[in-house]
Amino acid sequence: MPKALKHTKTTVSKNLFPVIGIGASAGGLEAFKKFIRAIPQNSGMAYILVQHLHPEHNSSLPEILQRETKVKVEEVSDNVIVKPNRVYIIPANKLLIANDGVLRLSPRPKDKKNMPVDIFFSSLAEVHQNHAIGIILSGTGEDGTAGLKKIKDHGGITMAQDSISAAFDDMPQNAIRSEVVDFILSPEEMPRQLLDLEKTLKRIGEDGTAALGQVLEEESFRNIIALLRVRNGADFTYYKQTTVRRRILRRVAILKLEKIDDYLKYLKNNKAEQDILFQDLLIPVTGFFRDPKTFEYLSGKVFPELIKNIPIALGTPNPLRIWIAGCSTGEEAYSMGICLYEYLGNKTSATRIQIFATDISEQSIAKARSGIYGKRQLEGVSESRLQQFFTKTDGHYQIKKNIRDLCVFASHNFLKDPPFAKIDLVTCRNVLIYMEPFLQKKALTTFHYALNEKGYLLLGKSETAAVASDFFLTADSREKIYTRKSLTGRFMNVTSMRKEEALKDKDYGVRSNERKKDDFQKNAEDILLSKYTPAGVIVNEQFDIVQFRGSTGPYLEPSPGKASLNVLKMAREGLSFELRNGLHKSKSSGKPFSKGNIPLYDGKKLVTIDVIPLPETIDPHFLILFKDTQASQSQEQYEAAVSQNETGNKNKRTTDRVKDARITQLEKDLAQAREDMRSIAEDQEAANEELQSANEELLSGSEELQTLNEELETSKEELQSTNEELITVNQELYDRNEQLNQARMYAEGIVTTIHESMLVLTADFSVKNANNTFYETFSLTEKDTLGKNIFELQNNGWNIPDLRKNLLKLQEKKEKFLEWEITYKFPAAGERTICFNAQPIPEENDRHLILLALDDITPRREAEKIHTLQNLKQILESIPQITFSASSNGGFTYFNNFFLDYSGVPLKKALGSGWLSVINADQYDKALKAWNHSIRTLENFYFEFQLRRKSDGMYRWHLCRANAIINDEGTVTSWVGTATDIDEQKSKEKAKDEFISMASHELKTPITTAKAFLQLVEHGMDGKNKGDAIYVKKASGAIDKLNNLVSELLDVTKIQHGILGFNILLFNINKTLRDVIESIQVTDKKHKIILSGEIKKKVKGDEERIKQVVINLLTNAVKYSPGADKILVDILQEDGSVKVSVKDFGVGISKKNLNKIFDRYYREEGQAGYFQGLGIGLSITKEIISRHNGKIWAESDPGKGSTFYFTLPI
Amino acid sequence: MENCILIYDDDREILAVSKLILEHHNYQVETRASCKQIIEDIKLVKPAIIFMDLSISQMEGEDAIKLIKNNESTREIPVILFSAFDNIKEISIRSNANGYLRKPFTIAEFIDILKQNIPGGVCFLIFFLNNFPGI
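Listed in order, the protein sequences are those of chains A and B.
Sequence positions in the first sequence follow this note's numbering and run 1 to 1210.
Sequence positions in the second sequence follow this note's numbering and run 1211 to 1345.
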């Protein structure tokens, strides 16, 4: 690397956009063209091409490249500032380096190997750090590799052209082999990758550059603080941001929110959260007698001083005033009160003490005012103090009135509200640590203002008043006690940073110390001072002049360079050394120092300086007085004497000459020595300066440490506050645990005491717990039971299927089951009836335990059973009917006395043979068959038979019913039955049947006669007398109708009485239909009735009745389609049934009436007058079909016709 | 009496009209309103076919049929049940009747059933041979 470049100091650029350096050689132009073609116009990046160019050739690269892209291409001129969205090209025969966002050109050295890429990349790396991106395109040689490495080392990103696209891959490959390349791409692909990288860079925002997200977050934090300022009136802007953010983030975490932004939204609408955050930010960590040594120091050193200044007399106008700033919940204030009380002892009542305790938090103040503390909060209070200063009230301690009365609590923001005045002691412990130095300063100024002349300031352990060292002087650095410096207190109501600047001017305060007093004596003194006292200056410890007195011009002059008031710098030549000497001596000894005859202006003037340390100043100050001695005169005399000697005394000349020589020599020596001394002094000065700067560094280091210390203290307090919270939570947990324990003991007590067996099962039904009753009842031990699956207890003796079923159901639905009884033969306990109650007990993870209570109700059930049986027998006995019971296999076990009396059969015989000897022999087989059927199928037994009555030997009809008694397990335990005498009913029924038949017969007989005669008449006419023939025919028709009506009426009567008889046989329905159609066709010539379809199977039913149905449907079809000429009848076999349809093309039936037409006495509305009939035909039809287990329905299209369907099962 | 038809019915009108119809068709008809002496009647009339109403005084038609069918000498004579009862078919089967005629009837039905049971000359001949064994 050329030497000239090596020493160029590079400055890190503040540019925040990526700067891409591209190194290229042979074949690089083509690659670079491809590259820039792919660059978007607003990529936000700058591209700098370093191309190996021929030194003599005048390059026209920029023009060539500009044709390829819209991005501006320019040749680098010296000191050009790098801007984004530009392409920069190296000019020929130049070296390019980047510096502080500027490109510099230098001539290319002729002798050295040309490595412009390396050189440029190195500078790029240093200047743009991680925003530097290096790309090596096609080329020969190894230029660029070292440069890429540099870029990589500084956190930048590197790329190289892949060997496929590169015309000469020597340069990129070299870099790749050296493992300094992050991406190997073709030139076209590079821009896309660069854009991605740029986005990432923006996002990461390393090196303190604010990434977008961070900016937003920052904004959110600021907004939160602003919100608090508006809502709570407290400005946290200058609080330690780390702390504030930690507290905010803590709330965010507690609320399970993801982003600060979310929290801000939440906070905006939630007043409660604002208060919580506010309280949280205040970190109310405090305690009684925090740092006890501090209090000891107060008692030992501070209070005596303070009390000394107060005349102790009742009603003095000056009470002892103490301000506790940031008192939190009052502990500090009370501690102070106690401490003072103890110090003063019996003098307390005679001293007026006012302790002002203030805090920003209303809540804390309210707590403080109450003066009530829990035991835990009083840890710092010794037992004796507790006795003396607190009264115990229901578990809490309240501060006694005498201490309480000393304290005045107020909500007060000392950063904002006007401060208290004339305070003797301000304590503000661990408040400043939360604040930025600026706020600290403000606070300290406030305290300074508040304090009396000799007031004290007490700060927290890790706080200092260093930021306002002008105002406070350290009284005890260990206990952080400061005294007020005597400056005119200026309450600094700072609201902006500008005033802070003003405060930095340290001399300000001193000057303002000058006070004019209207006093002639003083005036006189002033005149004397100005006229007759020697000129002088007052300097401070740093030897900076703080005051000029009189005319100091002859002694002092402004030194060239930076303006300085340092007396040593201002001293005229020759004076500086002595001044330094004197000042140092005086400073170290504390005594005045005087030195006379100091030559000034080459000895023309002799000056005496006096350095007097000023007494009784807080900071050491020195008065320097300059006095002229009559040096010039003596010098002249001396010189005159010398010349006289020269002329007058030749004798002495030699001697004089020797002397002169000697003197000259001495003078020279002296001058030399002086010169040496001066240079030594200068060196020392320089060394001093260095020391000074070192000191400053140390100071700033110390400040940093201080900040760190404060930070640590803050963290400590936060931790303490968290710890307190944790302790509270822990206490709560402990209490809960205690409660839990009690609850458990309680539950256990219940479980062990109760008579019922109890089990707790886990989700997989293994026994988790069981009580003693359980072990006793089922002869089990803990060892065989616990942890075992309940169903596997006692060698699977507990595998009760229904129990398993119930438990699984419970498991599934999480529902308890109650009062479930089962009788089961348990392995050890034998057959027991157990009543189970189970209840799921929810556990975590959606798992459940099952509480299973087993109530052994065997004895109760047995007693009940006996009781029930007796009851049942009594009932069966008392019924005036035949009753009986039978076992599950059908064998008779009991007949009541009623039966025995009725039949005259003795019980024993009855139980053996059953009904055999009593039942009508014809019916016995059938009855037995039915009985066995019921026993087998558990269907209820229902049978009618005749039983012989012993008294008259008559067989009387009985209806016998028997039902199976089924227990919980679904098995039949017995049958219970009755037989009721229905003989009377039977005979009445029979009489009725007969009557109906008779009525039918009687009604039809005259019809028969009439019809027969009419037919005779008809036959007798033989076509003669046509008019009469028509009459006869009409009469005959009327007779037929009458006959039908009679039949229908009878049928209806029978249906009503449920005695419509059926004669069920297999018949050929095809034939039936044909017959019916034929017979209808005889009387109705108008319609052609067409039959379609045929079925193979025979139909089971009453053929006559089915005929009746078809006739009815067909006559209806005829009747209701007077205008039509055909009727379609269809028969169709369907799945398990035969479907017959009758379709007419008549008037049809409206939809709403379609369902009503099968009702009895219903007639189609509006047609009653037109069509005749009783309206019972279809209802009979329906009855017949339904009695055949078939269906009948109709479909209709009003005005177009209807179709009636019926089905019969086959 | 050859080719004679014997009709039992307690309704005299029915008997009269039946007699008229059948005589109109050249049948000889004897009618009785009571079944009191049925076997005697049959022996006297020697009918080719008997029409029996189901409910006639003194004796149930059904019982009367049984009586006929249980008697050796009358067993072969066809008996047609002749009634307005609905269950006439059932009864005819139960009582071993040779057929039934539902009241009210048409003349056609009446003649049909007659023809089915005494088909013309053969019947006549049988009657003839039976009644005149001497020929």
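Even glycine gets a Cβ: it sits at the ideal position worked out from N, Cα and C.
Given the structure is predicted, the values throughout are model-derived calculations rather than measurements.
**Prompt:** Any idea what DSSP makes of GLN398(A), helix, strand or coil?
**Reply:** strand
**Request:** In the DSSP assignment, find the unbroken alpha helix (DSSP H) run with CYS339(A) in it and report its ends.
**Result:** 331-344
**Message:** Is the beta carbon of SER721(A) closer than 8 angstroms to that of ILE307(A)?
**Reply:** no
**Nearest-angstrom beta carbon gap, GLY326(A) and ASP1215(A) [assumed within contact, 8 angstroms]** = With chain A running from 1 to 1210 in the structure shown, residue 1215(A) is simply not present.
**Asked** Whole-angstrom Cβ separation of ILE982(A) and TRP957(A), contact assumed at under 8 angstroms?
**Response** Yes, they are in contact, since the Cβ atoms of ILE982(A) and TRP957(A) sit about 5 angstroms apart, within 8 angstroms.
**Prompt:** Under a three-way DSSP split, which group does GLU1250(B) fall into?
**Reply:** helix
**Any alpha helix (DSSP H) of 4 or more consecutive residues that is wholly inside the segment 257-336 of chain A** = 260-269, 271-282, 292-297, 303-308
**Extent of the continuous alpha helix (DSSP H) to which TRP931(A) belongs** = Taken as a continuous stretch (DSSP letters only), the alpha helix (DSSP H) holding TRP931(A) covers 921-937.
**Message:** Taking only three categories from DSSP, how would you classify ARG1285(B)?
**Reply:** coil
**Asked** Straight-line CA distance for GLY778(A) to ALA829(A)?
**Response** A quick correction: the sequence has Phe, not Gly, at residue 778(A). Going from the Cα of PHE778(A) to the Cα of ALA829(A) covers about 5 angstroms.
**Asked** Is the CB of ILE1184(A) under 8 angstroms away from at least one CB in chain B?
**Response** no
**Asked** For ILE1090(A), is the classification buried or exposed, using 16 other Cβ atoms within 10 angstroms of its Cβ as the cut-off for buried?
**Response** exposed
**Prompt:** Going along the segment 1284-1303 of chain B in order, which residues come within less than 8 angstroms of chain A, judged by CB to CB distance?
**Reply:** Contact annotation: in the segment 1284-1303 of chain B, residues whose CB is within less than 8 angstroms of a CB in chain A are SER1293, ALA1294, PHE1295, ASP1296, ASN1297, LYS1299, GLU1300.
**Request:** Assign PRO554(A) to one of three DSSP states: helix, strand, or coil.
**Result:** coil
**Message:** Across the segment 25-32 of chain A and the segment 152-167 of chain A, are there enough close Cβ pairs to call them in contact, namely three or more that are closer than 8 angstroms?
**Reply:** yes
**Request:** Name the two residues that bound the continuous alpha helix (DSSP H) containing GLY1037(A).
**Result:** 1026-1056
**Asked** Which same chain residues, not among the five before or five after PHE1204(A), have their C-beta less than 6 angstroms away from its C-beta?
**Response** LEU1113, VAL1142, ALA1194
**ILE1185(A) in three-state terms, based on DSSP** = The answer is helix: DSSP assigns ILE1185(A) an H, G or I state.
**beta strand (DSSP E) runs wholly inside the segment 108-181 of chain A, at least 3 long, in chain order** = 132-136, 157-161
**Request:** Measure how close the beta-carbons of ILE1259(B) and LEU1324(B) come, nearest whole angstrom, since I'm counting them as under 8 angstroms.
**Result:** 7 angstroms
**Message:** Under 8 angstroms, with one C-beta from each stretch per pair, do the segment 297-305 of chain A and the segment 249-262 of chain A reach the 3-pair mark?
**Reply:** no
**Item:** Chain-ordered chain A contacts of GLU1223(B) [CB-CB under 7 angstroms]
**Value:** THR1009
**Prompt:** Among residues of its own chain, excluding the 5 on either side of SER399(A), which ones have a beta-carbon nearer than 7 angstroms to its beta-carbon?
**Reply:** With the sequence shown as reference, residue 399(A) is identified as Ile, and Ser is not the correct amino acid for it. Same-chain partners within the cutoff: TYR334, GLY371, PHE389, PHE390.
**Message:** In the DSSP output, what is GLU1240(B) paired with across the bridge?
**Reply:** LEU1216(B)
**Prompt:** Within 8 angstroms (strictly less), CB to CB, does PHE1013(A) reach chain B?
**Reply:** yes
**Request:** Mind listing the chain A neighbours of THR1316(B)? Cutoff is C-beta to C-beta under 7 angstroms, in chain order.
**Result:** GLN1015
**Request:** Ignoring anything shorter than 4 residues or poking outside the segment 10-86 of chain A, list the alpha helix (DSSP H) runs there in chain order.
**Result:** 28-37, 61-66
**Asked** Closest Cβ-Cβ distance between ILE879(A) and chain B: below 8 angstroms?
**Response** no
**Prompt:** Per DSSP, PHE183(A) is paired with what?
**Reply:** Bridge partners of PHE183(A): MET159(A).
**Request:** Report all residues from its chain with a CB closer than 6 angstroms to the CB of GLY1146(A); omit the five preceding and five following residues, and keep chain order.
**Result:** Sequence-distant partners of GLY1146(A) (beyond 5 residues in either direction) whose C-beta falls short of 6 angstroms from its own C-beta, in its chain, are TYR1120, SER1121, ALA1124, GLY1201.
**Residue nearest to PHE438(A) in terms of C-alpha spacing, selected from PRO419(A), LYS461(A), ALA466(A), LEU614(A)** = ALA466(A)
**Prompt:** Is the distance from the Cβ of ASP143(A) to the Cβ of VAL181(A) below 8 angstroms?
**Reply:** no
**Request:** Drop a sphere of 10 angstroms on the beta-carbon of ASN1340(B), count the other beta-carbons inside from all chains shown, and report buried for 16 or more, exposed for fewer.
**Result:** In this prediction, ASN1340(B) scores a pLDDT of 41, lower than 50, which makes its location untrustworthy; no coordinate-derived value is stated.
**Request:** Could you tell me the distance, in whole angstroms, from the CA atom of VAL658(A) to the CA atom of THR664(A)?
**Result:** Computed Cα separation, rounded: 9 angstroms.
**Request:** Report buried or exposed for SER512(A), applying the criterion of at least 16 other Cβ atoms within 10 angstroms of its Cβ.
**Result:** Below a pLDDT of 50, predicted positions are generally treated as unreliable, and SER512(A), at 39, falls in that range; the measurement from the model is reported next regardless. Counting Cβ neighbours within 10 Å, SER512(A) comes out exposed, since fewer than 16 surround it.
**Prompt:** In angstroms, rounded to a whole number, what distance separates the CA positions of SER576(A) and ILE538(A)?
**Reply:** 15 angstroms
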